[in-house]
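Undergrad: A single structure is presented below for examination.
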Amino acid sequence: MLRTLLFLVTFAGVLAACQDSVSRNQDARILAIGDSLLSWNSALGSSIPDVMAKELGQPVVDRSFSGAWMLTRDEGDEGRGLNVPYQYEPGNWDWVVVNGGGNDLLFGCGCGRCGTVMNRLISEDGESGQIPDLIRHIRAQGARVIYPGYLRSPNLLTPIEHCKNDGDELEARIARFADTDEGVFYISMQDIVPPGGLTYFAPDLIHPSRKTSRKVAERLASAIRQLNARP
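Counting with mature numbering (1 follows the signal peptide of the UniProt record, and there is no 0), you get residues -16 to -1, 1 to 215 for the letters of the sequence shown.
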């Protein structure tokens, strides 16, 4: 009971901080929502949204949360913020960076028999599922969307190596969906980590090291600059 209470107090503080970050950055035009790919290294000011803000010279509101699932569940207000769709906050966003789905595959089906979970995330044709629904909701409010893919780990044995095939399929479906909307851009990160690139990961061999967060952020910032420059 005490552990649950402590979690709820801590979690409420996190949500309040996220909401405060939106209100304090009313002029911000970029929002980031997702899981630990985005939020990792935030304690050091080196997360992907942190570096994007420096690269672009403008604030990026980061509402991403480590451990976040993409699929929504009916579990009351105390669990809402862990789901990526509930991280989204309406605003005058030009861009929303969205990622997610990895935790659903890893913890929802063990990256094993994931057909049902995968289809709930996004259908094979890319037309339906939680991910298209979320992106369409964001697009309906005027923002463009960038969806960065997950890292790969060539020639490394990591705790999530068995998730590679499901990760490839998830991102193929997202890319398929992005092709149907000129305001949605899937950005692959499969080539960020070189073969045997141990230092590209945190000690857990799952999350990005600081330099990897920087490389991902630089790629996303470059994409935004190029897309903003289009007539």
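By construction, the Cβ of each residue, glycine as well, lies at the ideal position given by its N, Cα and C atoms.
For V200 and I176, I'd like the C-alpha separation in whole angstroms.
TA: The alpha-carbon atoms of V200 and I176 are separated by roughly 7 Å.
Undergrad: When DSSP builds the beta bridges, which residues end up paired with Y170?
TA: DSSP, once it has assigned bridges, lists Y131 as partnering Y170.
Undergrad: For A16, report the span of its alpha helix (DSSP H) as first-last.
TA: Looking at the DSSP string, A16 is not in any alpha helix (DSSP H); the run it does join, the beta strand (DSSP E), is 14 to 17.
Undergrad: According to DSSP, which residues form a beta bridge with D46?
TA: Paired residues: A16.
Undergrad: What residues in its chain sit with their C-beta under 7 Å from that of L182, if we drop five residues either side in the sequence?
TA: Only L140 meet the Cβ criterion.
Undergrad: When the Cα of S112 is compared with those of A162, A12, R209, L40, which residue comes out closest?
TA: Considering only alpha carbons, the answer is A162.
Undergrad: From what residue to what residue does the beta strand (DSSP E) around V177 run?
TA: That residue, V177, is in no beta strand (DSSP E); it is neither H nor E in DSSP.
Undergrad: Decide if the segment 130 to 150 is in contact with the segment 193 to 209; the criterion is three or more beta carbon pairs, one per stretch, under 8 Å apart.
TA: The segment 130 to 150, when compared against the segment 193 to 209, does touch it at the 8 Å Cβ threshold.
Undergrad: Per DSSP, F161 forms a beta bridge with which residues?
TA: Per DSSP, none; premise fails for F161.
Undergrad: Pick from G99, A207, R57: whose alpha carbon is nearest that of L40?
TA: Taking only the C-alpha atoms, the option nearest L40 is A207.
Undergrad: Could you check if N25 is buried or exposed, using at least 16 other CB atoms within 10 Å of its CB as the buried criterion?
TA: Burial call: buried.
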